[in-house]
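**Student:** The structure under discussion is supplied below as structure tokens; questions concerning it will follow.
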Amino acid sequence: MSFAQLIGDWHALVVLFVAGVVPNQIWRMLGLWFGGGIDEGSELLVWVRAVATAILAGVIAQIVVEPPGALATVPDVLRYGAVGAGLVVFLLTRRSIFAGVVTGEVFMLAGKWWLG
Amino acid sequence: MALPPLDSPQWQSPWRAFAWGLRSITQTILTIVLFVTYLGIGALAHDTHFSLAWALASTLFVWAGPAQIILITTLGSGATIIQSAIAVTVSAIRLFPMVVSVLPLMRTPTTKRRELFFAAHLTAVTLWVECHRFLPQVPRERRIAFVNGLGFGLVSVCLVANTVGYFLAANLTQTLGAAILLLTPLSFLFSTARNSREVGDVVALALGILLYPLAAKMNSGLDILISGVVAGTIAYGVHWWREVRA
């Protein structure tokens with residue numbers, strides 16, 4: 001891999017700032033600027049948090065349902081099964097993130113090996 | 117490692133406080149979760165044909181895992197800049213209440229707004245959780261330095277993770293590459309589920325996952341937004357039904 005490949009093209013970095021940095025950072029700066037006057041428990045913020053959580057959930061679903069790159073070589077049933085198995089163990093271990101992640105990974109790798 | 121008592125001379129220097137913040141990254145399992153998540157982000161950036169510098173810059177300047185993943189997956193799947201920006205900004209709204217709730221923990225009557233700039237930038241779910249845990253053990257006038265140290269440490273860990281993930285994805289077999297990409301949805305799902313304290317949070321998470329495939333069928337380019345707003349609003353309705361109406 002060459003140095004130029006590691007830097008990439010400048011156009012992509014501009015896109016990063018326009019589509020990523022500014023739309024993300026604006027909320028932190030608004031919090032810094034106007035934070036003092038807002039009630040943290042207000043109903044509007046409860047709704048905002050619920051929508052933000054659901055959007056994150058959508059991102060999780062998107063990666064599993066329409067997998068990028070190498071993940072696309074894993075059959076549907078193994079991807080869904082890995083998330084399901086991880087979730088079961090996560091709940092059984094009283095919400096251990098570590099146990100859930102390891103179980104999901106082992107399920108997927110074992111399934112891949114099993115199917116050949 | 118225990119932090120020194122509040123009246124210890126250890127806290128007299130802001131640099132010492134910064135160093136204590138930096139060392140505190142070894143005191144939380146969330147550092148490993150972040151490492152794993154950013155390993156996945158590095159791999160994802162590689163597999164969607166972004167450069168390593170691009171991935172590192174996104175970690176440094178965006179510093180929000182969900183926003184970075186949304187940005188990479190939407191741009192990678194052919195969305196326009198505007199569509200990506202909208203999805204990113206909606207996902208980032210949650211940073212607003214986080215900043216609002218975390219900054220008062222480190223403010224003193226003489227604190228100037230610009231002194232809080234880095235603390236505000238570093239605020240994301242991990243820092244937010246850890247501030248509530250660590251800051252009561254830190255003297256108020258040293259909290260900004262402590263948080264800057266903690267945040268600096270976490271960002272550094274994630275930059276290393278990005279680099280490792282990027283090269284692993286470039287060099288591993290397809291199966292191991294897939295395993296690294298799978299780390300991201302797993303770690304996000306379980307860390308979000310762990311932070312879900314109320315029924316409304318659980319509904320938002322579960323419905324958000326279930327409604328996404330339906331929204332994706334509409335093929336509008338705003339799938340995540342549509343499923344997110346619908347699922348989040350239903351979750352808010354559940355919260356309202358249980359708490360406000362009662």
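Quick mapping for you: the protein sequence lines, in order, are chains L and B.
The working numbering numbers the first residue of the first sequence as 1 and each following residue consecutively.
The working numbering numbers the first residue of the second sequence as 117 and each following residue consecutively.
Idealized CB from N, CA, C, for every residue including glycine.
Remember, it's a predicted structure, so these values are computed and weren't measured experimentally.
Is it the case that the Cβ atoms of Pro-23/L and Val-204/B are separated by a distance below 7 Å?
**Tutor:** For Pro-23/L and Val-204/B, yes; Cβs fall inside 7 Å.
**Student:** Quick one, which residues of the stretch 157–180 of chain B are near chain L if we go by CB-CB under 7 Å, in chain order?
**Tutor:** Listed by position along the chain: Leu-160, Asp-163, Thr-164, Phe-166, Ser-167, Leu-168, Ala-169, Trp-170, Ala-173, Ser-174, Phe-177, Val-178 and Ala-180.
**Student:** Using CA atoms only, rank isn't needed, just tell me which of Ala-309/B, Ile-260/B, Phe-250/B and Arg-313/B is closest to Ser-129/B.
**Tutor:** Considering only alpha carbons, the answer is Ile-260/B.
**Student:** Would you mind sorting Met-222/B into buried or exposed? The rule is 16 or more other CB atoms within 10 Å of its CB.
**Tutor:** Per the 10 Å Cβ criterion, buried.
**Student:** Within 10 angstroms of the Cβ of Ser-200/B, are there 16 or more other Cβ atoms? Answer buried if so, exposed if not.
**Tutor:** Buried, because 16 or more other Cβ atoms sit within 10 Å of the Cβ of Ser-200/B.
**Student:** Ignore the nearest five residues each way along the sequence and tell me which others in Arg-358/B's own chain have a CB closer than 7 Å to its CB.
**Tutor:** Result list for Arg-358/B: Val-315, in chain order.
**Student:** Classify Pro-225/B as helix, strand or coil using the three-state DSSP reduction.
**Tutor:** Residue state, collapsed to three classes: coil.
**Student:** Can you list the residues of chain L that Ile-209/B reaches, using a CB-CB cut of under 8 Å?
**Tutor:** Within 8 Å Cβ-Cβ: Trp-27, Val-48, Val-51 and Ala-52.
**Student:** Does DSSP put Met-117/B in a helix, a strand or coil?
**Tutor:** Looking at Met-117/B - three-state DSSP - the assignment turns out to be coil, as it is neither helix nor strand.
**Student:** Anything in chain B within Cβ reach of Val-74/L, meaning under 7 Å, just list it in chain order.
**Tutor:** Near Val-74/L (Cβ distances below 7 Å), the residues of chain B are Ala-294.
**Student:** When you compare the CB positions of Ile-60/L and Phe-304/B, do they come within less than 7 Å of one another, or not?
**Tutor:** In this structure, Phe-304/B lies closer than 7 Å to Ile-60/L by Cβ.
**Student:** Considering Gln-143/B, what are the terminal residues of the alpha helix (DSSP H) in which it resides?
**Tutor:** Here Gln-143/B belongs to no alpha helix (DSSP H), and DSSP marks it neither H nor E.
**Student:** Between the alpha carbons of Ser-140/B and Thr-226/B, how many angstroms are there, rounded?
**Tutor:** C-alpha separation (whole angstroms): 26 Å.
**Student:** For Arg-94/L, decide whether its Cβ has a neighbour in chain B, counting only Cβ atoms nearer than 7 Å.
**Tutor:** It does not; no Cβ of chain B falls within 7 Å.
**Student:** So which of Ile-296/B, Tyr-328/B, Leu-191/B and Cys-247/B has the shortest CA-CA distance to Leu-146/B?
**Tutor:** With distances taken between Cα atoms, Leu-146/B lies closest to Cys-247/B.
**Student:** Is there a C-beta anywhere in chain B that falls below 7 Å from the one on Phe-107/L?
**Tutor:** By this cut-off, Phe-107/L is not an interface position.
**Student:** Quick check on DSSP: helix, strand or coil for Phe-166/B?
**Tutor:** Coil at Phe-166/B, not helix or strand.
**Student:** Kindly examine the ligand MG and report whether one of its heavy atoms sits closer than 6 Å to the Cβ of Trp-113/L.
**Tutor:** Among the components of this structure there are no ligands whatsoever, and the ligand MG is therefore not found.
**Student:** Against chain B, does Leu-78/L count as a neighbour if the rule is that its beta carbon must be under 7 Å from one of theirs?
**Tutor:** With 7 Å as the cut-off, Leu-78/L does not count as an interface residue toward chain B.
**Student:** Given a threshold of 16 other Cβ atoms within 10 Å of its Cβ, counted over all protein chains shown, does Phe-287/B qualify as buried or as exposed?
**Tutor:** At residue 287/B the sequence reads Asn, which differs from the Phe that was named. Asn-287/B is exposed by the Cβ-count criterion.
**Student:** Pick helix, strand or coil for Gln-290/B, following the three-state DSSP scheme.
**Tutor:** Looking at Gln-290/B - three-state DSSP - the assignment turns out to be helix.
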